[in-house]
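Trainee: Throughout, my numbering is defined as the position within the sequence shown, counted from one, plus 15.
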Amino acid sequence: MVRPFTQEDVDKRIVTAAGDTVGTVRGVEDGRATVERTDDDESLTDEIKEMLGWSDDDDTYELTGDDVDEYEDGNRIRLPGYTG
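1. What's the C-alpha gap between R28 and D81?
2. Look up E85 in the DSSP assignment and say whether it is helix, strand or coil.
3. From A48 to R18, what does the alpha carbon distance come to, in whole angstroms?
4. Could you please give the first and the last residue of the uninterrupted beta strand (DSSP E) stretch that includes V17?
5. Restricting to Cα atoms, I'd like to know which of R52, E77, D45, R93 is closest to Q22.
6. Can you name the residues that DSSP bridges to V100?
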């Protein structure tokens, strides 16, 4: 785990290792982020959805610090080694 999510992470983009945006942090509670999936599902591969436990039926998801590879400078949070 890199670190738990904080309120400073709200509105940051969640990206794959390849840089594809998969969602945006919309809220944080108890170190967990609520992520709103992007409308462009083309970049969100089945492998990534399965790894995160996300389904096609949901619009929001939960992430923990264990799901993160790096909190990048700026407004991006990168998932580990999944390049799609």
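The beta-carbon is built from N, C-alpha and C at its ideal position, and this holds for glycine as well.
What you are looking at is a predicted structure, and each value in this text was computed from that prediction instead of being measured.
Mentor: With the structure as the only source:
1. If you draw a straight line from the Cα of R28 to the Cα of D81, it comes to about 17 Å.
2. In the structure shown, E85 sits in a strand (DSSP, three-state: E or B).
3. Looking at the two C-alpha atoms, the distance is approximately 12 Å.
4. It is not in any beta strand (DSSP E) - V17 carries neither H nor E in the DSSP assignment.
5. Of R52, E77, D45, R93, the smallest CA-CA separation from Q22 is found for D45.
6. Missing from the structure shown is residue 100; the chain here goes from 16 to 99 and no further.
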